[in-house]
Amino acid sequence: MASVTTILSARRGRGKPDWTDWFSYGYLLLGLVLMFGPVLWLVLSSFKSAAALNEFPPQLLPYGQKSIAVPGQEKPLPLYRVTMPDGATRELAEVRRIGIQATLVDPKAPDQEYKVNIRDRKPVREFRLATENYSEIFDKFSFGTYLWNSVFITIVATLITLLFNAMAAFALSKYRFGGRDAVFLVIISTLMIPPTIILVPNFLVVSELGLLNSLWGVIWPAVATPTGVFLLRQYMLTIPDELIDAARMDYASEWRIFWRIILPLSAPALAVLAIFSVMWRWNDFLWPLIVLSRTEKFTLQLALNAFQGELTTQWHYLLAMTVITLLPVTLVFAFLQKYITTGIASAGVK
Amino acid sequence: MNAVDAPMRAVQRVLGVPRIGWMFVAPNLAILGLFTFLPIVVNFYFAFTGGVQLYPSERPFTGLENLETLFECESYLDPSTCRKDLFWRAIYNTGKFALLQVGLMVAFALITALVLNRKILGRGFFRGVFFYPVLLSPVVVALIWKWVLQREGVLNAVLAGAGASPVGWLSDASWAFFWCVFVSIWAHMGFYTLILLAGLQAIPADLYEAAAMDSASPWRRFSRITLPLLMPNLIVVLVLGLIRAVQIFDEVFVLTGGGPGSATTFIVQFIYQTGFAESIHQYGLAAAASLVLALSLLVLTLLQLRMTRKNLAGGKANGDG
Numbered sequence: 009m010a011s012v013t014t015i016l017s018a019r020r021g022r023g024k025p026d027w028t029d030w031f032s033y034g035y036l037l038l039g040l041v042l043m044f045g046p047v048l049w050l051v052l053s054s055f056k057s058a059a060a061l062n063e064f065p066p067q068l069l070p071y072g073q074k075s076i077a078v079p080g081q082e083k084p085l086p087l088y089r090v091t092m093p094d095g096a097t098r099e100l101a102e103v104r105r106i107g108i109q110a111t112l113v114d115p116k117a118p119d120q121e122y123k124v125n126i127r128d129r130k131p132v133r134e135f136r137l138a139t140e141n142y143s144e145i146f147d148k149f150s151f152g153t154y155l156w157n158s159v160f161i162t163i164v165a166t167l168i169t170l171l172f173n174a175m176a177a178f179a180l181s182k183y184r185f186g187g188r189d190a191v192f193l194v195i196i197s198t199l200m201i202p203p204t205i206i207l208v209p210n211f212l213v214v215s216e217l218g219l220l221n222s223l224w225g226v227i228w229p230a231v232a233t234p235t236g237v238f239l240l241r242q243y244m245l246t247i248p249d250e251l252i253d254a255a256r257m258d259y260a261s262e263w264r265i266f267w268r269i270i271l272p273l274s275a276p277a278l279a280v281l282a283i284f285s286v287m288w289r290w291n292d293f294l295w296p297l298i299v300l301s302r303t304e305k306f307t308l309q310l311a312l313n314a315f316q317g318e319l320t321t322q323w324h325y326l327l328a329m330t331v332i333t334l335l336p337v338t339l340v341f342a343f344l345q346k347y348i349t350t351g352i353a354s355a356g357v358k
Numbered sequence: 013m014n015a016v017d018a019p020m021r022a023v024q025r026v027l028g029v030p031r032i033g034w035m036f037v038a039p040n041l042a043i044l045g046l047f048t049f050l051p052i053v054v055n056f057y058f059a060f061t062g063g064v065q066l067y068p069s070e071r072p073f074t075g076l077e078n079l080e081t082l083f084e085c086e087s088y089l090d091p092s093t094c095r096k097d098l099f100w101r102a103i104y105n106t107g108k109f110a111l112l113q114v115g116l117m118v119a120f121a122l123i124t125a126l127v128l129n130r131k132i133l134g135r136g137f138f139r140g141v142f143f144y145p146v147l148l149s150p151v152v153v154a155l156i157w158k159w160v161l162q163r164e165g166v167l168n169a170v171l172a173g174a175g176a177s178p179v180g181w182l183s184d185a186s187w188a189f190f191w192c193v194f195v196s197i198w199a200h201m202g203f204y205t206l207i208l209l210a211g212l213q214a215i216p217a218d219l220y221e222a223a224a225m226d227s228a229s230p231w232r233r234f235s236r237i238t239l240p241l242l243m244p245n246l247i248v249v250l251v252l253g254l255i256r257a258v259q260i261f262d263e264v265f266v267l268t269g270g271g272p273g274s275a276t277t278f279i280v281q282f283i284y285q286t287g288f289a290e291s292i293h294q295y296g297l298a299a300a301a302s303l304v305l306a307l308s309l310l311v312l313t314l315l316q317l318r319m320t321r322k323n324l325a326g327g328k329a330n331g332d333g
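This is how it looks when you write it as structure tokens:
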């Protein structure tokens, strides 16, 4: 209750909280429910068994039917609460079911069988996380392959992006060669050419290079980001030229200066770009959808899209896959939120 | 990196120091040339040739035929009289979507930024709350909401609890369109909120102090100080939002697949379907539709440049005046 009082008593300036304070906290609370609620619901649902997911109305928390080991039976049997003909209720384990008639036994005395109408029995339930949703997607679908494809594209594309963009930014911030400003303008102008308007010709280029259905067909077109060049150039402009001059006095080659001096000093900007690049590549959809048509080359996003069309009845797998897909981004967000938000606020990029 | 150092040293000996800059920009320029500038040129070639072949030399030149096919309409106001009615439906849907989505999103982003700019408890936390969906992939966003909105989903369960009958949120044309707008606002609002918040924080506090001295009402402070000074950011946010909204594809494609019917089919989906998804790949038509999309984006970009320049000039004049 202490926190509630502090929230209520926090306000602008002196005096009583006015309507704007009430509105602010109401709005934020509504926002909290609306923004996190659906995600939380997805995560909770992903731990429910297929049977629990088919219930309507749904339960908030994941419950599963309790099952019990009965002597003389190979598998554990599902437990039911049965209303007996005399009106008493007992917890019995179901041996088999034929039509509307179920045969149940008392787990403690499994020799006597009871035959009951299925309407007279209700499943006994307990809180249970259906973690098998998560383990089974790796066996039943080649989920590991999709995960690997996504990880490969994300990491390799990000490394190449960092290298190429840093090289370009270095040249554009530290050398005065003829045509430099034109090159900068050309690179920045590609910000205005979104990939959606050149899908067909890009498909031709990638297919001529033999990169259709290859992860490299997704990686190469994505690595020369104008945003990255801009971000890194602005940062490198603040690195004093004296450092470079001093290195030249010691006969360091230009590549060495780039690799040993400029790159380490640009680490903060490189980190911001790395975070962005990881998110871009992990979340890519339209271009991979066009380039990768063979199932074994699918990324996680493509696999999710394909499954949601096919597995409409298998939501328990689809939900688990979705949670795994949003997990890395959520972790990045939880630990690096400050860098992301300040990066966006200062550069206006996403 | 000694393996790179040796050849770069050799290049340095030939080119000399300032011109070695070309070697450093070369990889980036090569990639851009191959995957951005070359495709822009080739796109025109595709748009003016026909047939179903991908390889350029196998495509017969057809001039304006693709564009004429797209624009063959008895009445442009009624898509069903057009030869490519889906194209026109997609255009109308995209226009309607962009206006609705961007208008509402900027309004809510502004409210959110204003609230987050106040002295409130847990500001960093709430900023994160609104920003979190921005990072989620469009496919994940679509699946999160599909799970909530499906016929036996939690929203219908809440409705049933309140005694109302379930609604086919994604199978009814108007509702499906509404949810496309809603989900896309949900997913992108945080980004625009951040830009507006940065703008709000750049407004000098002494202006508000002076207004408080004159006992100006909150509304007056907002309309006379906040709004005018935030205008450049608002314009940037509006145009950026429009540029993105016109290209809407991913979330909607997974959420509704463009349906029911063609109720949520947008222009990028038309390009994707015509060029890649349908059994006959009509690359020419898809490229021609891309040209139309590119033209509308060009108009928006020029608008942005013009508006920001005018605004800067206006701001300057005010400052001097």
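If you read the sequences in order, they're chains V and Z.
Residue 325 in this note's numbering is what sits at position 317 of the first sequence, and the numbering runs on without skipping anything.
Residue 28 in this note's numbering is what sits at position 16 of the second sequence, and the numbering runs on without skipping anything.
Even for Gly, the Cβ is constructed at its ideal location relative to N, Cα and C.
Item: How is V/Phe-146 classed by DSSP in three states: helix, strand or coil?; Value: helix
Item: Straight-line CA distance for Z/Ser-291 to V/Met-200?; Value: 32 Å
Item: Could you tell me the alpha carbon to alpha carbon distance between Z/Leu-161 and V/Tyr-325, rounded to whole angstroms?; Value: 18 Å
Item: Should V/Ile-298 and Z/Ser-302 be called a contact, given that it needs their Cβ atoms to be closer than 8 Å?; Value: no
Item: Report buried or exposed for Z/Thr-268, applying the criterion of at least 16 other Cβ atoms within 10 angstroms of its Cβ.; Value: buried
Item: May I ask you to report which of helix, strand or coil DSSP gives V/Ser-53?; Value: helix
Item: Could you check the C-alpha separation between V/Arg-264 and V/Asp-258 for me, to the nearest Å?; Value: 11 Å
Item: Going straight from the alpha carbon of V/Leu-339 to that of V/Met-287, what length do you get?; Value: 11 Å
Item: Is Z/Thr-277 closer than 8 Å to Z/Asn-105 when the C-beta atoms are compared?; Value: yes
Item: Say whether chain V places a C-beta atom closer than 8 Å to the C-beta of Z/Gly-327.; Value: Unreliable placement is indicated for Z/Gly-327, whose pLDDT of 39 sits below 50; the coordinate value is still reported in the next sentence. For Z/Gly-327, the answer is no, since every Cβ of chain V falls outside 8 Å of its Cβ.
Item: If contacts are defined as beta-carbon pairs under 8 Å, then V/Val-132 and V/Glu-99 qualify, I think. What distance do you get, rounded to the angstrom?; Value: 6 Å
Item: Considering only residues of the same chain and omitting the five flanking positions on each side of Z/Leu-212, which have a CB-CB separation below 6 Å?; Value: Ala-125 and Asn-129
Item: Please state whether DSSP places Z/Arg-31 in a helix, a strand or coil.; Value: helix
Item: Which residues, in order along the stretch 203-225 of chain Z, keep a beta-carbon less than 9 Å from a beta-carbon of chain V?; Value: Phe-203, Leu-206, Ile-207, Leu-209, Ala-210, Gln-213 and Ala-224
Item: Against chain V, does Z/Val-334 count as a neighbour if the rule is that its beta carbon must be under 8 Å from one of theirs?; Value: Nothing in the structure corresponds to residue 334 of chain Z, since chain Z is present only between 13 and 333.
Item: Looking at the C-beta of V/Val-286, does it have a partner C-beta in chain Z at a distance below 8 Å?; Value: no
Item: Cβ atoms of Z/Met-201 and Z/Phe-142: under 8 Å apart, would you say?; Value: yes
Item: Cβ of Z/Ile-260 versus every heavy atom of the ligand MN: is any distance shorter than 7 Å?; Value: Questions concerning the ligand MN fall outside what the structure shown contains, since it holds no ligand whatsoever.
Item: Straight-line CA distance for Z/Leu-239 to V/Pro-272?; Value: 42 Å
Item: Examine chain V for any beta-carbon lying closer than 8 Å to the beta-carbon of Z/Gly-333, and answer yes or no.; Value: Confidence at Z/Gly-333 is low in this model, with a pLDDT of 29, below 50, so the placement of that residue is unreliable and no value is reported for it.
Item: In whole angstroms, what separates the C-alpha of Z/Phe-109 from that of V/Ala-58?; Value: 36 Å
Item: Span of the alpha helix (DSSP H) holding Z/Lys-334?; Value: As displayed, chain Z neither begins before 13 nor continues past 333, which places residue 334 of chain Z out of reach and without an answer.
Item: Just mark V/Leu-223 as buried or exposed, buried being the case when its beta carbon has 16 or more other beta carbons within 10 Å.; Value: buried
Item: Specify, as a first and last residue, the run of the alpha helix (DSSP H) that Z/Leu-212 falls within.; Value: 185-213
Item: Any beta carbon of chain Z sitting closer than 8 Å to that of V/Trp-156?; Value: no
Item: Let me confirm a value: Z/Glu-263 is counted as buried when at least 16 other C-beta atoms fall within 10 Å, else exposed. Which label applies?; Value: buried
Item: Excluding the five sequence neighbours on either side, which residues of its own chain have a C-beta within less than 7 Å of the C-beta of V/Leu-177, listed in chain order?; Value: Note that residue 177 of chain V corresponds to Ala in the displayed sequence, not to Leu. Hits under 7 Å: Val-237, Leu-240, Arg-241 and Met-244.
Item: Taking the straight line between their C-alpha atoms, what separation do you get for Z/Gly-63 and V/Phe-343?; Value: 52 Å
Item: Is the beta carbon of V/Arg-129 sitting closer than 8 Å to the one on V/Val-90?; Value: yes
Item: Taking all protein chains shown into account, decide if V/Ile-126 is buried (16 or more other Cβ within 10 angstroms of its Cβ) or exposed.; Value: exposed
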